[in-house]
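Q: Residue numbers (my numbering): 1 to 156. All C-beta atoms in this analysis are idealised placements derived from N, C-alpha and C, irrespective of residue type, glycine included. Note that the coordinates shown come from a computational prediction; the quantities given were computed from them, not determined experimentally. Quick one: structure below, then a few questions.
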Ligand code: HEC
């Protein structure tokens with residue numbers, strides 16, 4: 001009788017434990033206030049990011065992050081072309097959270113703007129880690145000096 005009771009109690013605690021743990025983990029990964037930090041020195045993340053970037057972003061932003069031709073002028077359909085992600089573009093003028101939100105939710109939703117554009121929304125395409133990885137890869141390609149300026153922008 002005594003042993004049975006303990007088995008029952010232990011099972012109940014285990015179930016509650018697993019429930020709390022899964023809630024906690026889910027809470028972390030879906031918390032909109034999750035702290036977004038690019039990690040250009042994290043080699044495994046950057047390597048994953050290179051694959052994600054080449055498969056999902058390079059067709060528009062260029063395989064060397066060079067962007068599309070005449071990216072500062074609207075195209076024949078009136079849309080802005082994809083800007084470069086290297087130091088000649090303005091990606092590094094924006095903080096981590098902004099870049100993450102643009103990539104995950106698109107420009108209109110993340111900036112609450114009515115602004116038709118050709119940047120896709122990756123919310124249902126890439127995981128948060130894959131988005132973070134692609135942006136970390138981009139940052140790893142900037143000169144050290146630009147990376148430092150960008151670090152400072154994020155510490156505010
Ligand atoms: C179909 C083409 C296309 C693909 C693929 C694409 N983008 Fe874009 N992206 C654009 C265009 C076009 C803009 C500029 C939109 C505008 O300003 O009107 C843009 C803008 C951005 C910006 C804002 C840059 C800034 O300085 O304001 C970020 C960040 C970005 N893209 C990240 C990504 C990432 C990361 C990927 C891959 C996961 C990706 N994009 C894939 C077309 C694309």
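Assign residue 103 to buried or exposed, taking buried as 16 or more other Cβ atoms, counted over all protein chains shown, within 10 Å of its Cβ.
A: Under this definition residue 103 is a buried residue.
Q: Using a threshold of 8 Å, state whether the C-beta atoms of residue 36 and residue 96 are closer than that.
A: Result yes, Cβ atoms of residue 36 and residue 96 sit closer than 8 Å.
Q: What are the start and end residues of the alpha helix (DSSP H) that includes residue 135?
A: Taken as a continuous stretch (DSSP letters only), the alpha helix (DSSP H) holding residue 135 covers 128-140.
Q: Buried or exposed, going by whether 16 or more other CB atoms sit within 10 Å of the CB of residue 51?
A: The residue is exposed, with fewer than 16 neighbouring Cβ atoms inside 10 Å.
Q: Checking 8 Å against the spacing of the C-beta atoms, do residue 134 and residue 53 come in under that value?
A: Yes, these two residues count as a Cβ contact at 8 Å.
Q: Excluding five sequence neighbours on each side, which residues of the same chain lie with their C-beta closer than 6 Å to the C-beta of residue 132?
A: So no residue of the chain qualifies.
Q: May I have the straight-line CA-CA distance separating residue 84 from residue 21, to the nearest angstrom?
A: Roughly 41 Å between the two C-alpha positions.
Q: Look at the Cβ atom of residue 49, then the Cβ atom of residue 122, and state whether they are nearer than 8 Å.
A: No, these two residues do not count as a Cβ contact at 8 Å.
Q: Would you list, in sequence order, the uninterrupted alpha helix (DSSP H) runs of no fewer than 4 residues that lie entirely inside the segment 51-76?
A: Whole alpha helix (DSSP H) segments, 4+ residues: 58-61.
Q: Out of curiosity, what's the CA-to-CA distance linking residue 154 and residue 3?
A: Straight-line Cα distance between these residues: approximately 56 Å.
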